[in-house]
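Asker:
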């Protein structure tokens, strides 16, 4: 009797390695952008410090507007046509938009290029969807932790390389180098990643039905409680992206490029270690507990930045902040990966990334407004107080929920991955 041919398991380790390296390249390129965005604004004939902070915040925040709609749409298309294709679209599209930013002739050109970047980006969410959908369920958090570690590794190397590139070819040239790195990540995914994509029946419905199914999933008790937590943990840490480079510029003199690059590299290095360890510790401590500890620790780490002028003390506080940020990003991604159905990973991760990206881009806008009204130091104090208040809020929203059941009939649930009581 002929034995039935069983489907071969997806090469999840190959995809994890491919997407991890692409994440490192893309985050390396993206980290060229944010630390030096205020300095690019300064080159566009905006000289007054408070105006620089305000316009840098606007340029950062404008990308979140189209991302609100683009992320879910790209995710739905990924669930229908393939997550690898979506990752390639995000990498090459981001490279194009970053090139335009470096070629900006005035502040309005820069704002438009940032808006276009919000339409075309989505690297992190597309990578998470591909890895989560192809990984064994009990390895989802580990895989997402590796992705986050790779992303943080790029953030570690990127700012220092960006500082070197800015010194050699100027601030504008650094943006072009960033675009090359993003495109290189796309080439690597094209050559290495494999996806035997078979769309499920639930993803081949009409666009209206697909949007209705996504809305139902995002408002379910699995996903909805995560959204306010994700937004707060995105917008609050990002407030410093405008204030920190300008503070370091004041303390060190000159352009502040080397100090800014070193500070953001330290943040990334701490996040690399934390992201990997958080994925490994998730089954032991629980994802919710990691969120609570990370939010409280991040708030405490920002307090010294509001008062001290010693560069070593500031760097020490940033190292602690990087550890906490790595834990937060891994834990939130792990919760989404465990709660979302596999066949909708693209749409859910795309939607969640949109919310996170909106927070990440509105954070600098909020930071710029606070800095222009109250001064640079006030940004870090507002961050600290808000994050310390967020920690008990996470307990209220997530910590008292009952453990959720299987996602589908016959699908096992990992043993209390969220660490719920």
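Numbering (the working numbering), first residue to last: 11 to 431. All C-beta atoms in this analysis are idealised placements derived from N, C-alpha and C, irrespective of residue type, glycine included.
1. Helix, strand or coil: how does DSSP classify residue 29 here?
2. Give me the residue from 57, 137 and 386 with the minimum Cα distance to residue 203.
3. Take residue 282 as the anchor and find which of 25, 30, 208 and 22 has the nearest alpha-carbon.
4. Work out the CA separation of residue 178 and residue 119 for me, nearest whole Å.
5. Is there contact here, the stretch 132–147 with the stretch 31–43, by at least three beta-carbon pairs under 8 Å?
6. Should residue 229 be labelled buried (16 or more other beta-carbon atoms within 10 Å of its own) or exposed?
7. With 16 as the cutoff for other CB atoms within 10 Å, does residue 412 come out buried or exposed?
8. Excluding the 5 residues flanking residue 3 on each side, which residues of the same chain have their C-beta closer than 6 Å to its C-beta?
9. When you compare the CB positions of residue 132 and residue 76, do they come within less than 8 Å of one another, or not?
10. Which residue from 249, 258 and 85 puts its Cα closest to that of residue 380?
11. Restricting to Cα atoms, I'd like to know which of 168, 355, 330 and 367 is closest to residue 147.
12. Per the contact definition of three or more C-beta pairs closer than 8 Å, is the stretch 391–408 in contact with the stretch 262–279?
13. Counting Cβ pairs, one atom from each stretch, are 3 or more of them under 8 Å apart for the stretch 325–341 and the stretch 285–302?
14. Considering only residues of the stretch 44–102, which uninterrupted beta strand (DSSP E) runs meet the minimum length of 3 residues and lie entirely inside it, listed in chain order?
15. Tell me the rounded alpha-carbon separation between residue 91 and residue 226.
16. From which residue to which residue does the alpha helix (DSSP H) around residue 249 run?
17. Does residue 55 pass the burial test, meaning 16 or more other C-beta atoms within 10 Å, or should it be called exposed?
18. Under a Cβ-count criterion, where at least 16 other Cβ atoms within 10 Å of its own Cβ denotes burial, should residue 405 be classed as buried or exposed?
19. Would you call the stretch 41–53 in contact with the stretch 359–366, where contact means no fewer than 3 C-beta pairs closer than 8 Å?
20. On a CA-only basis, which of 165, 46 and 321 is nearest residue 374? Give me that one, please.
21. Quick one: measure Cβ to Cβ for residue 324 and residue 313, integer angstroms, because I've assumed they're closer than 8 Å.
22. How about residue 267 and residue 386: are their beta carbons less than 8 Å apart?
23. Excluding the five sequence neighbours on either side, which residues of its own chain have a C-beta within less than 7 Å of the C-beta of residue 421, listed in chain order?
24. On the premise that residue 256 lies in contact with residue 63, defined as a C-beta separation below 8 Å, what is that separation, rounded to the nearest angstrom?
25. How close, in whole Å, do the beta carbons of residue 97 and residue 199 come, if the pair is a contact with beta carbons under 8 Å?
26. Pairing CB atoms from the stretch 98–107 with CB atoms from the stretch 186–196, are three or more of them under 8 Å?
27. Hey, residue 336 and residue 162 are a contact pair by Cβ (cut 8 Å); roughly how many whole angstroms apart?
28. Of the residues 240, 108 and 224, which one's Cα is nearest the Cα of residue 184?
29. If you count every other CB in all the chains shown that lies within 10 Å of the CB of residue 377, and 16 or more means buried, which is it?
30. Identify, in the order they occur along the chain, each residue of the same chain with its Cβ nearer than 7 Å to the Cβ of residue 117, setting aside the five sequence neighbours on each side.
31. Using the rule of at least 16 other Cβ atoms within 10 Å of the residue's Cβ for burial, across every protein chain shown, is residue 317 buried or exposed?
32. Pop quiz: residue 334 and residue 311 are said to be a contact at Cβ under 8 Å. What is the actual Cβ separation, rounded to whole angstroms?
33. Nearest-angstrom Cα distance between residue 188 and residue 38?
34. Give me the Cα-Cα distance between residue 81 and residue 152, rounded to the nearest whole angstrom.
35. Buried or exposed: residue 279, going by 16 or more other Cβ atoms within 10 Å of its Cβ?
36. Would you report the Cα separation of residue 201 and residue 243, rounded to the nearest angstrom?
Answerer: Walking through what the data contain:
1. helix
2. 137
3. 30
4. 24 Å
5. yes
6. exposed
7. Low confidence applies here, because residue 412 scores a pLDDT of 44, under 50, leaving its location unreliable; read the following figure in that light. So residue 412 counts as exposed.
8. Because residue 3 is not part of the residues shown, which for the chain are 11 to 431, the question remains open.
9. no
10. 249
11. 355
12. no
13. yes
14. none
15. 21 Å
16. Element bounds for residue 249: n/a, residue is neither H nor E.
17. exposed
18. exposed
19. no
20. 46
21. Going by Cβ atoms, the distance from residue 324 to residue 313 rounds to 12 Å, so no, they are not a contact pair.
22. no
23. With a pLDDT of 42 at residue 421, under the threshold of 50, the predicted position of this residue should be treated as unreliable, though the coordinate-derived value follows. Taken in chain order, the list of residues that qualify is empty.
24. 6 Å
25. 5 Å
26. yes
27. 6 Å
28. 108
29. buried
30. 51, 54, 56 and 65
31. exposed
32. 6 Å
33. 7 Å
34. 24 Å
35. buried
36. 35 Å
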